[in-house]
Amino acid sequence: MNKRWQAVIFDLDGVLTDTAEYHFRAWKKIADAEGIYFDSLINERLKGIDRINSLEIILENARRQYSSAEKEQLLHTKNEHYLNLISKMTPSDLLPGALETLTALKELGFKLGLASVSKNAGTVITRLQITDYFDYIADAAQIKRGKPDPEIFLTVATHLEIEPAKCIGVEDSIAGIKAIKAAGMLAVGVGKPEILNEADLVIADLREFMKVVE
Ligand code: BG6
Ligand code: MG
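For the sequence shown, our numbering begins at 1 and goes up steadily by one.
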C-alpha cells in the first residue's frame, strides 16, 4: 500500500457517537447542583479534555474554592451520571456515516486507530459493537499529556506503524484539532467550521468523510 494516506485515527466522543452530549449533560447536572454557571459555549472548551481538567474549567465560574476531597466527589458523581447515560447505548447510537466510514476504510486497507482520552471509551465502543474495527486503541490511563498535546495521536500512529504524515486525525474538539496538527497529521474536523477553524478541513458529519481519502 503506497497511498498518500494509510491510517485514520478517530476521536470517539462527538465523532463516532454523540457521547459529547452525554458528557455535557452529566457536567450540567453537577454545575446546576453546585449553583455554578455552565453553558454550551463553556462546554466547547471541555471537549477532548480529561475529567479533572474539565472540572477545573467549570470551577472557574464557582463562587468559592473547592477542596481536593470535594473535587474527587464531584468527579465521581459526574462519572456516575455519565455511566448511567451510556448504560443503555446500542449500535443505533453510532452517528450518521460512522459505521459506513469504518467499513469502507477497512475494505480499502486503511489502518484504523482510536484516540480518546476517555477512561470509558472501552465501554462505549463495546456497546456500539465497533471494537473489532480498530487496529489499535489508545489506553487513556497511559497517556501522560492530554489534548492539545499530540501524545495520544503519536502513540496510536506508532502502534499502527504508520508515519504521522500519512495519518488522518478526526476530531470534534478544538483541543483535539490542535493535537492532530501538532502531531503532523491531516486534521479533519467534524462539526462547525467557525469553531474548528484550525482544522485542515471540516465536515458536518462522517457521511462526508470518504471524499477526504478519495
Ligand atoms: C473526551 C471527552 O473524549 O473524554 C471529554 O471529549 C471527557 O468531554 C474526556 O471529559 C474524559 O472522559 P472520561 O469518560 O474519562 O471522564
Ligand atoms: Mg470528542
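All C-beta atoms, glycine included, are put in the ideal place defined by N, C-alpha and C.
Check, Outcome
"DSSP beta-bridge partners of T17", "D13, L94"
"N- and C-terminal bounds of the alpha helix (DSSP H) containing A187", "Where A187 is concerned, there is no enclosing alpha helix (DSSP H), although the beta strand (DSSP E) it sits in stretches over 186–190."
"Local conformation of I125 per DSSP, three classes", "helix"
"Span of the beta strand (DSSP E) around K111", "111–114"
"Strand pairing of Y136, partner residues [DSSP]", "G113"
"Per DSSP, cross-strand counterpart(s) of G169", "I9, A187"
"Closer than 7 Å to ligand 2: residues, by C-beta to nearest heavy atom, in chain order", "D11, L12, D13, G14, V15, A20, K47, G48, E171, D172, S173, G176"
"Distance cut-off 7 Å: H81 Cβ against heavy atoms of ligand 1", "no"
"Touch test, the segment 5–24 against the segment 166–185, Cβ-Cβ under 8 Å, three pairs minimum", "yes"
"Collapsed DSSP secondary structure at I152 in the structure displayed", "helix"
"Endpoints, beta strand (DSSP E) assigned at I203", "201–203"
"Closest by C-alpha distance to P96, when choosing among E214, V213, L206", "L206"
"Cβ-heavy atom distance, R145 to ligand 1, below 7 Å", "no"
"Element boundaries [alpha helix (DSSP H), containing N197]", "Segment: none, N197 is in no alpha helix (DSSP H) and carries neither H nor E."
"Host alpha helix (DSSP H) of Y82 (start-end)", "68–86"
"Range covered by the alpha helix (DSSP H) that runs through A141", "That residue, A141, is in no alpha helix (DSSP H); it is neither H nor E in DSSP."
"Rounded distance between the beta-carbons of D200 and A187, thought under 8 Å", "5 Å"
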